[in-house]
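Everything below concerns the one structure shown next.
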């Protein structure tokens, strides 16, 4: 049977022209075995080639002749061929700061961020939480019909948003208000959307918290879960065609990662080789469903292997680490035109939304100096820790050149 | 080689199936099945007691007694009525299972309440978030001897499951009747006036699925209808979907007809127009369903004050549609209005209106009047939602117009 001519053309030949930044070079792993795109050559396999080439050998270091899989030895040992899920790579948790603001051993703060910027990011986290507190109360008072808080996940919002370029298109799920707020979406605009008044950019169409603004490159939140994931891949595909130094940034929760759209999207992103960062907020619960009932694999990061992409697991309560991880993922995605997955581990302190009462099934953290408006008692080994706390009184200089913020500022002290 | 050639020759020359087969095999149970006559094997009761924890079952029975008391007092909600039906059926038939997101917490309206605590996590499973595929999974279960119930919190999320739902409808016929596939989907949907849920929680999924062959589609706006139809649908051996009014799950209260399965192919006449109004030509047939029922009942006073009356028919059976009941009413009133919570294009009202024009043309004094949603995303803002979602006030106007012979 005549074999079709197979021509593999480098997708995105512009990649050769991309300088990439120095960090990216360090992050780039060994050249991927399955793709020619990084070198930009054309491979043509014809009938003649197949007849002339010597047949592949098997066993004894020979390479299996099958397409679409990593080359490996053949083996008659059943036990060694049957691979357990525990044999897959494990992900260390990337963390820079401990709960009290000390650098963990061997860590250093991301060098490109000034002390002023850290302070600005800290203020943004506090502001985000305050906004949630007031709006939540407003819903309970009947002034707004619905609300969703993101309490406990502020470090994810601000840390990741600060590491993006302003014009990186963001596709979010619904618990990422801090991202659009960081970009300058005002509290007034947020309130206008929640109250659905004449100034609402969505023109009265969507329920509260379904914000969106083309000016801020933040796509309007859509109720059905995970529809944003394939859409973000499409956005990344557009970026790739334009050859821009941007990524598409896509947020979703670990529950939404069960939807079919998630799997399709990751597969697309890998095969089409688009510059996208998939950011999973693993906060332990999808309404009342805990993670051990949502999936069996090792978190969401482990799925990246199956779809052929890099992945990092980060402490989502550590804003510095979230920032650093996002920055690195972004640079890798742009320089290699490839998808990268970030899994940020955190805890959903509040309810799923104002329409459920999760106190029946979700342990909630203790009332503490950084009190949440709906807090009860913290169970042992609860993965929550306050994102704000390391920055209240950081024990490390936020920037080597700027000593005056060493010691930080307590929430009750006046802000200059 | 020769054998292969022979079988091909024989297959080619054999006659095609008869044309009549095209319309058969749509449903394993005929639309007019009386589900009260359905039986379970003698072993069922024994299996239930041996596979359920006695204490849990006792607590469940207690809960059922509580629900029945509420029903007897006319105080049971739609969510609770469906919960009652489900618990009764799960006790009666140990092959019945239930799946929902957030099931252990009772989902949104307590429909699966106590199922997991009573029957365990295997028979009453929390679903991972993937509506599309857990409908498909239920099909697989159904094809292999079980009787799955799937609860969609909000039927808008069922849109993910269109592929699997199509598969559900087609399976009995496409497998030549070899695989029965009992599956019941229950979800809260429709669009209430002023529901303030925004576009993506207000889409008429009931309209979208109407064209799927082999799928029985019912609606219920009262605890009585919800309870009776749920029981039937669970016992039915094919796929069915029951829509409940999303904004009335806990507010509308009523009773149930204990132990009785209601037909799945009949509309319900909720209010008969007075003879006087009929002979005076001041009676109008009104077809509606889900939230439209309460809107119509609430509008009754004003309609009567105008000197008019309506024959209110609830379309509890959207597919197959009960044309006989509609025609019987039309023969008295000769005027018909559909209060429809689906869209102008592709909506339920569109289908029903076309059928009425085709089959009851001679009974009509005027074109069918359809009060339906515009082809627009349903707004969240109340001022805008009013313009899109038709309600009682629109019905009152439409009745006036019909009686005054205004088109």
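Protein chains in written order, with the numbering used here: chain A, 1 to 416; chain B, 417 to 823. No residue lacks a Cβ here, since even glycine has one placed at the ideal position from N, Cα and C. Owing to the predicted nature of the structure, the values given are computational and were not obtained by experimental measurement.
Exercise for the section: Starting from the Cα of residue 480 (chain B), find the closest Cα among B:502, B:462, B:469 and B:490 and give me that residue. Expected result: B:502
Practice task
Take residue 297 (chain A) as the anchor and find which of A:80, A:146, A:84 and A:66 has the nearest alpha-carbon.
Solution key: For the residues A:80, A:146, A:84 and A:66, the minimum Cα distance to residue 297 (chain A) belongs to A:84.
Problem - Contacts around residue 699 (chain B), its chain only, beta-carbon distance under 8 angstroms, and the 5 residues preceding and following it disregarded - result: 689, 690, 693, 724, 725, 726, 727, 748, 749 and 751
Exercise for the section: Could you check how far apart the C-beta atoms of residue 179 (chain A) and residue 218 (chain A) are, in whole angstroms? I think they sit under 8 angstroms. Expected result: Correct: roughly 7 angstroms between the Cβ atoms.
Handout entry: Neighbourhood of residue 518 (chain B) by C-beta distance below 8 angstroms, restricted to the same chain and skipping five residues each side
Key = 524, 542 and 569
Handout entry: Start and end residues, alpha helix (DSSP H) containing residue 236 (chain A)
Key = 228-242
Exercise for the section: Grab the span of the beta strand (DSSP E) containing residue 635 (chain B) for me, first residue to last. Expected result: 632-635
Handout entry: Contacts that residue 289 (chain A) makes with chain B (C-beta to C-beta distance below 9 angstroms)
Key = 517, 518, 519, 520, 521, 542, 543, 544 and 545
Practice task
Would you verify that the beta carbon of residue 613 (chain B) is, or is not, closer than 8 angstroms to some beta carbon of chain A?
Solution key: yes
Problem - Beta-carbon proximity of residue 236 (chain A) to residue 247 (chain A), cut-off 8 angstroms - result: Less than 8 angstroms divides the Cβ of residue 236 (chain A) from the Cβ of residue 247 (chain A).
Handout entry: Per-residue DSSP class, three states only, for residue 251 (chain A)
Key = strand
Problem - Selection from A:332, A:390 and A:305 that minimises the alpha carbon distance to residue 88 (chain A) - result: A:305
Exercise for the section: Check distances from the C-beta atoms of the region 268-296 of chain A to those of chain B and list, in chain order, the residues that come in under 8 angstroms. Expected result: 286, 287, 288, 289, 293, 294 and 295
Exercise for the section: Would you verify that the beta carbon of residue 31 (chain A) is, or is not, closer than 8 angstroms to some beta carbon of chain B? Expected result: With a pLDDT of 32 at residue 31 (chain A), under the threshold of 50, the modelled position of that residue is not reliable, and the figure given next carries that caveat. Not one chain B Cβ lies under 8 angstroms of residue 31 (chain A).
Handout entry: chain A within 8 angstroms of residue 800 (chain B), Cβ atoms only
Key = yes
Handout entry: residue 225 (chain A) at chain B interface by Cβ criterion, 8 angstroms
Key = yes
Practice task
Count the other C-beta atoms from every protein chain shown that fall within 10 angstroms of the C-beta of residue 292 (chain A), then say buried if there are 16 or more, exposed otherwise.
Solution key: Exposed, because fewer than 16 other Cβ atoms sit within 10 Å of the Cβ of residue 292 (chain A).
Practice task
Could you tell me which of B:549, B:686 and B:733 sits nearest to residue 626 (chain B), measuring between CA atoms?
Solution key: B:733
Problem - Sequence-distant residues of the same chain with beta carbon closer than 8 angstroms to residue 353 (chain A), five excluded per side - result: 146, 147 and 148
Problem - Through-space distance from residue 811 (chain B) to residue 410 (chain B), alpha-carbon basis - result: Nothing in the structure corresponds to residue 410 (chain B), since chain B is present only between 417 and 823.
Exercise for the section: Would you verify that the beta carbon of residue 707 (chain B) is, or is not, closer than 8 angstroms to some beta carbon of chain A? Expected result: no
Exercise for the section: Pull out every residue of the region 234-259 of chain A whose Cβ sits closer than 7 angstroms to any Cβ of chain B, in chain order. Expected result: 255, 256, 258 and 259
Exercise for the section: Under 9 angstroms between beta-carbons, which chain B residues line up against residue 207 (chain A)? List them in chain order, please. Expected result: 612, 613, 614, 615, 616, 617 and 796
Problem - DSSP bridge partner residues for residue 752 (chain B) (one or two, in chain order) - result: Looking at the DSSP assignment, residue 752 (chain B) forms a beta bridge with B:701.
Exercise for the section: Give a yes or no on whether 8 angstroms exceeds the smallest Cβ distance from residue 624 (chain B) to chain A. Expected result: So no, residue 624 (chain B) is outside the interface.
Practice task
Give a yes or no on whether the minimum CB-CB distance between residue 643 (chain B) and chain A is below 8 angstroms.
Solution key: Not closer than 8 angstroms to any Cβ of chain A, the Cβ of residue 643 (chain B) fails to qualify, so no.
Problem - Neighbour flag for residue 222 (chain A) against chain B, beta carbons, 8 angstroms - result: Chain B places a beta carbon closer than 8 angstroms to that of residue 222 (chain A), counting this residue as a contact.
Exercise for the section: Kindly indicate the opening and closing residues of the alpha helix (DSSP H) around residue 735 (chain B). Expected result: Segment 733-735 is the beta strand (DSSP E) holding residue 735 (chain B); no alpha helix (DSSP H) there.
Handout entry: Classification of residue 560 (chain B) by the beta-carbon crowding that lies within 10 angstroms, buried from 16 upward
Key = exposed
Handout entry: Partners in chain B for residue 210 (chain A), counting only beta-carbon separations shorter than 7 angstroms
Key = 614
Exercise for the section: Flag this pair as yes or no: are the beta carbons of residue 683 (chain B) and residue 741 (chain B) separated by less than 8 angstroms? Expected result: yes
Problem - Within chain A, partners of residue 627 (chain B) - CB distance below 7 angstroms - result: Within chain A, no residue comes near residue 627 (chain B); the closest Cβ sits about 21 angstroms away, beyond 7 angstroms.
Exercise for the section: Using a Cβ-Cβ cut-off of less than 7 angstroms, list which residues of the region 772-796 of chain B approach chain A; keep chain order. Expected result: 793, 795 and 796
Practice task
Mind listing the chain A neighbours of residue 514 (chain B)? Cutoff is C-beta to C-beta under 7 angstroms, in chain order.
Solution key: Close to residue 514 (chain B), with beta-carbon spacing below 7 angstroms, lies no residue of chain A; the smallest spacing is near 15 angstroms.
Exercise for the section: For residue 213 (chain A), name the three-state secondary structure that DSSP assigns. Expected result: strand
Problem - Inter-residue spacing [alpha-carbon to alpha-carbon] between residue 450 (chain B) and residue 652 (chain B) - result: Residue 450 (chain B) and residue 652 (chain B): Cα-Cα distance of roughly 10 angstroms.
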